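*Asks:* Residue numbers for the sequence shown, in my numbering: 1334 to 1929. After the structure tokens below, expect a handful of questions from me.
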Amino acid sequence: MLDKELRSMIGKVKDGRMDRRAFIQRLAAVGLTAPMANQILAIGDVAMAQSPSPYPPTKRGGGGPLKLLWWQGPTLLNPHFATGTKDQDGSRLFYEPLASWDVDGHLNPILAAEIPSIKNGGLTADGKSVTWKIKPGVKWHDGKPLTADDFVFTWAYANDPATAAVSITAYSDLKVEKIDDLTIRLVFDKPTPFWANAFVGAYGCVLPKHLFADYKGSKSREAPANLAPVGTGPYKFVEFKPGDLIRGELNPDYHMPNRPHFDTIEMKGGGDAVSAARAVIQTGEFDFAWNMQVEDEVLLRLEKGGKGKTTYAVGGDIEFIAINFTDPNTEVDGERSSMKTKHPTLSDPAVRQALALLVDRESVKKAIYGRAGRTTANYLNGPDDFVSKNTKWEFSVDKAIALLEKAGWKAGADGIREKDGKKLKFVYQTSINGPRQKTQAIVKQACQKAGIDVELKSVVASVFFSSDVANPDTYSKFYTDIEEFQIPMTQPDPALHMKRYISSQVATKDNKWQGQNFPRWVNKDYDAAIEAAETEIDPVKRAALYIKCNDMLWQDTVFIPVMHRLTVDACATTLQPVISGWANRTDNIQDWYRGA
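Written out as structure tokens, the structure reads:
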């Protein structure tokens, strides 16, 4: 689309000659999605849209208990240490960000008085700062007032390397200034087109300075509030049994009118996805169960005559197999998978490419995911304007064999391929649930046909996704050759999703394995493209940079994408949850209610 035409359309929206929906539809015709269109309007001095609230209750409380089932139970309640989705979701029951993403990919204010725009003075045209106004009258659960000091502290806390916060990338490259008690300004080191990162969404929750000030830096893991949160959310903390149970009660001073609807909230952990689906859809024991990693045929069977249903939301979530670029079996200075090593066999690009040819995505979709999956070759699967058309996937045992033969990997007496005394024997780990174990079996069978020996390892989900630095079986330590899981894309922009794999984010002993580059892949061209994308104001050029990054991950086989997964949950027929494909499940928990 020509720049002149785009500017003309923005002008029409500003003066009312074109409505926002028509603008978005016009841009969709040239391949730009709603989130991108809304960002263009914000840069063009048009206030960001907010979806109308569907919330009908006319009073606070009265909804009785809300019973949630998270079959991967949260193990801590500090959102800035939450390496796994389960801990982010548990923390979000009590802590809140300035804003969250709604079902349409729009920003809705939570602790913010309004969403920043050029029109209200919150955004600058050069993308170098954003000013947030904090909602007045918000109280922490202990009665202390929420002020700008809490936001400044949270930024300093998360940005301190000694804190070892997993959210550090959201708070680096910027400074947070206090303008007054209810106003903060984020000043970026460089033009930042996606400004809605810090204090927004999964890693955006603000912490109370008065409870965490003594636990910044190296003492961060000692804070009592890590397990007993004091937030601003719709529910006040009552009880926490790590991996098992979280209980909360209605916050009578909550800052949103008529919210929350429910008098108490309970998040039960443990079990597995199938039993969770049954407990909601079939027996009605719980109101909502998270992440139905269950074969679609099982869900269809449960839905017949049950008390619940499955719900779906489309985002950018990707189920993938990750490749370890370091040696998990060699210890250097007390650290396995050390950056001082390289993987003895997976360092060969031909071996990685052969593994990619041995993942039968179509069979995985047909036998496991059904309605909930889409085959893909991309790590980045949304929004649409960021999705590469340059990649492709293929399943072919014959081509994998030919590739390995050409690279010198010959079958030994035991049938396992080897070269220079090194055998193609891999440990393939994932968390315990039916679909992942079935995926493992499908991949192993193809690998065996190609002369690759695969040992399957399954880890209890609460351990695999744990933030426990002492546990050897977490995905971030990655002490195996390959591993499979899913990383949710919790915002309708790829900035945070793709920045995980820059060189400075490698997970190491020094950063307590909180770095998010767990494959330990280092590529200077990737680093440079991510850096360029973070300052590129032109949305089309910026999208091209992220597509380039996706293609580099594909070309170097850092990941083998298995399935573009829809968000799938189980829900009681009377419950009205607000679930966005661009947010964590509990990001809009204040808007949940029970209908007739």
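Ideal placement from N, C-alpha and C gives every residue a C-beta, glycine not left out. None of the values given here were measured: they were computed from a predicted structure.
1. Report yes if the C-beta distance between HIS1413 and ALA1491 is below 8 angstroms; otherwise report no.
2. To the nearest whole angstrom, what separates the beta carbons of GLU1817 and THR1763, a pair I think is in contact under 8 angstroms?
3. Is it true that the CB of ALA1903 sits closer than 8 angstroms to the CB of PHE1621?
4. Assuming LEU1829 and ALA1503 are in contact, meaning their beta carbons sit under 8 angstroms apart, how far apart are those beta carbons, in whole angstroms?
5. For VAL1873, which three-state DSSP category applies?
6. Looking at the unbroken alpha helix (DSSP H) that takes in LYS1771, where does it start and where does it end?
7. In this structure, does DSSP put GLY1933 in helix, strand or coil?
8. Need the endpoints of the beta strand (DSSP E) that THR1597 sits in, please.
9. To which residues does DSSP link ASN1850 through a beta bridge?
10. Could you please give the first and the last residue of the uninterrupted beta strand (DSSP E) stretch that includes LEU1399?
11. What number of angstroms, rounded off, separates the C-alpha of PRO1442 from the C-alpha of GLU1668?
12. On the DSSP letters alone, give me the boundaries of the beta strand (DSSP E) that GLU1864 sits inside.
13. Does DSSP put HIS1413 in a helix, in a strand, or in coil?
14. Whose C-alpha, out of LYS1472, LYS1857, ASN1453, HIS1474, is nearest the C-alpha of THR1464?
15. Apart from the five residues just before and just after PHE1811, which ones in its own chain have a Cβ nearer than 6 angstroms to its Cβ?
16. Would you decide whether GLN1686 is buried or exposed? Buried here means 16 or more other CB atoms lie within 10 Å of its CB.
17. Among ALA1779, VAL1776, PRO1526, which residue has its Cα nearest to the Cα of ILE1451?
18. I need the straight-line Cα distance from PHE1427 to LYS1725, nearest angstrom please.
19. Do ALA1535 and ASN1917 count as a contact pair if the criterion is CB distance below 8 angstroms?
20. DSSP beta-bridge partners for THR1930?
21. Cα-Cα, which of LYS1552, MET1625, GLY1703, TRP1925 is closest to ALA1495?
22. Using a 10 Å radius around the Cβ and a threshold of 16 neighbouring Cβ atoms, would you call GLU1429 buried or exposed?
23. Taking only the alpha-carbon atoms, compute the straight-line gap between PRO1557 and LYS1542 and give it to the nearest angstrom.
24. With a threshold of 16 other CB atoms inside 10 Å of the CB of ALA1861, please say whether the residue is buried or exposed.
25. Do you know offhand how far LEU1578's Cα is from GLY1715's?
26. Kindly indicate the opening and closing residues of the alpha helix (DSSP H) around ARG1685.
27. Buried or exposed for VAL1363, going by 16 or more other Cβ atoms inside 10 Å?
28. Taking the beta carbon of TYR1568 as the centre, do at least 16 other beta carbons fall within 10 Å, making it buried, or is it exposed?
29. Apart from the five residues on each side of it in sequence, which residues of its chain come closer than 8 angstroms, Cβ to Cβ, to LYS1777?
30. By Cβ distance below 6 angstroms, which residues in the same chain neighbour TRP1403 in space, the five residues on each side in sequence not counted?
31. Can PRO1575 and THR1408 be called in contact, C-beta distance under 8 angstroms?
32. Quick one: give me the first and last residue of the beta strand (DSSP E) that TRP1465 is part of.
33. Nearest CA to the CA of LEU1632: which residue from ASN1804, PRO1910, GLY1604, GLY1703?
34. Excluding the 5 residues flanking GLU1628 on each side, which residues of the same chain have their C-beta closer than 7 angstroms to its C-beta?
35. Going by DSSP, what residue range makes up the beta strand (DSSP E) through LEU1736?
36. Is ARG1707 near HIS1474, with beta carbons less than 8 angstroms apart?
*Replies:* Put simply:
1. Here residue 1413 refers to the residue found at position 80 when the sequence shown is read from its first residue. Here residue 1491 refers to the residue found at position 158 when the sequence shown is read from its first residue. Result yes, Cβ atoms of HIS1413 and ALA1491 sit closer than 8 angstroms.
2. Within the sequence shown, numbered from 1, the residue matching residue 1817 stands at position 484. Within the sequence shown, numbered from 1, the residue matching residue 1763 stands at position 430. Confirmed, Cβ separation roughly 4 angstroms.
3. Your numbering for residue 1621 matches position 288 in the sequence shown. Your numbering for residue 1903 matches position 570 in the sequence shown. It is a contact, given that the beta carbons lie within the stated cut-off.
4. In the sequence shown, residue 1829 corresponds to position 496, counting from 1. In the sequence shown, residue 1503 corresponds to position 170, counting from 1. Right, their Cβ atoms sit about 6 angstroms apart.
5. As a position in the sequence shown, residue 1873 is number 540, starting the count at 1. Helix, per DSSP.
6. Here residue 1771 is taken as the residue at index 438 of the sequence shown, counted from 1. First-last of the alpha helix (DSSP H) with LYS1771: 1767-1782.
7. The chain is shown from 1334 up to 1929; residue 1933 falls before or after that span and cannot be answered.
8. By 1-based counting over the sequence shown, the position of residue 1597 is 264. Run containing THR1597: 1597-1602, per the beta strand (DSSP E) assignment.
9. The count along the sequence shown starts at 1 and reaches residue 1850 at position 517. Note: ASN1850 sits in a beta bridge opposite VAL1839.
10. To locate residue 1399, count along the sequence shown from 1; it is residue 66. Residue range 1398-1403 is occupied by the beta strand (DSSP E) that includes LEU1399.
11. Walking along the sequence shown from the start, residue 1442 turns up at place 109. Walking along the sequence shown from the start, residue 1668 turns up at place 335. Looking at the two C-alpha atoms, the distance is approximately 43 angstroms.
12. As a working mapping, residue 1864 is identified with position 531 in the sequence shown. GLU1864 -> not in any beta strand (DSSP E); alpha helix (DSSP H) instead, spanning 1857-1866.
13. Here the question's residue 1413 lines up with position 80 in the sequence shown. DSSP places HIS1413 in helix when its eight states are reduced to three.
14. Here the question's residue 1464 lines up with position 131 in the sequence shown. It is ASN1453 whose Cα lies nearest to the Cα of THR1464.
15. Walking along the sequence shown from the start, residue 1811 turns up at place 478. These residues qualify, in order along the chain: ASN1657, SER1670, PHE1851.
16. The sequence position of residue 1686 within the sequence shown is 353, counting from 1. The residue in question, GLN1686, is buried, as its Cβ has 16 or more Cβ neighbours within 10 Å.
17. Along the sequence shown, one-based indexing puts residue 1451 at 118. For the residues ALA1779, VAL1776, PRO1526, the minimum Cα distance to ILE1451 belongs to PRO1526.
18. Numbered from its first residue, the sequence shown carries residue 1427 at position 94. Numbered from its first residue, the sequence shown carries residue 1725 at position 392. The straight-line gap from Cα to Cα measures roughly 42 angstroms.
19. Locating residue 1917 in the sequence shown gives position 584, where the first residue counts as 1. Locating residue 1535 in the sequence shown gives position 202, where the first residue counts as 1. Yes, they are a contact pair.
20. The chain is shown only over 1334 to 1929; residue 1930 falls outside these bounds and no answer can be derived.
21. Start at 1 with the first residue of the sequence shown, and residue 1495 comes out as number 162. Of the listed residues, the one whose Cα sits closest to ALA1495 is LYS1552.
22. As a first step, residue 1429 is located in the sequence shown; it is residue number 96 there, counting from the start. Classification for GLU1429: buried.
23. Here the question's residue 1557 lines up with position 224 in the sequence shown. Here the question's residue 1542 lines up with position 209 in the sequence shown. About 13 angstroms.
24. Translated into the one-based positions of the sequence shown, residue 1861 becomes position 528. That one is exposed.
25. Here residue 1578 refers to the residue found at position 245 of the sequence shown. Here residue 1715 refers to the residue found at position 382 of the sequence shown. LEU1578 and GLY1715: Cα-Cα distance of roughly 33 angstroms.
26. Counting from 1 along the sequence shown, the entry for residue 1685 is found at position 352. Note, ARG1685: alpha helix (DSSP H), 1682-1690.
27. Within the sequence shown, residue 1363 is the residue found at index 30, counting from 1. The predicted model places VAL1363 with a pLDDT of 47, which falls under 50 and marks its position as unreliable, so this point remains unresolved.
28. In the sequence shown, the residue the question calls residue 1568 occupies position 235. That one is buried.
29. Numbered from 1 along the sequence shown, position 444 holds the residue referred to as residue 1777. Excluding positions up to five away in sequence, the list reads TYR1761, VAL1787, LEU1789.
30. Here residue 1403 is taken as the residue at index 70 of the sequence shown, counted from 1. Non-local beta-carbon contacts of TRP1403 in its own chain, meaning distances under 6 angstroms to residues more than five positions away in sequence, involve LYS1419, MET1600, GLY1602, TRP1623 in chain order.
31. Stepping through the sequence shown from its first residue, residue 1575 is reached at position 242. Stepping through the sequence shown from its first residue, residue 1408 is reached at position 75. Yes; because the gap between Cβ atoms is below 8 angstroms, this pair is in contact.
32. Here the question's residue 1465 lines up with position 132 in the sequence shown. Start and end: 1462-1466.
33. One-based indexing of the sequence shown puts residue 1632 at position 299. For LEU1632, the nearest C-alpha among the options comes from GLY1703.
34. Taking the first residue of the sequence shown as position 1, residue 1628 is located at position 295. So the list reads ILE1701, GLY1767, PRO1768, once near-sequence residues are dropped.
35. Position 403 of the sequence shown, counting from 1, holds the residue named residue 1736. Note, LEU1736: premise wrong, no beta strand (DSSP E); alpha helix (DSSP H) at 1730-1739.
36. Residue mapping note: residue 1707 aligns to position 374 of the sequence shown, counting from 1. Residue mapping note: residue 1474 aligns to position 141 of the sequence shown, counting from 1. No, the pair does not count as a contact, with Cβ atoms beyond the cut-off.
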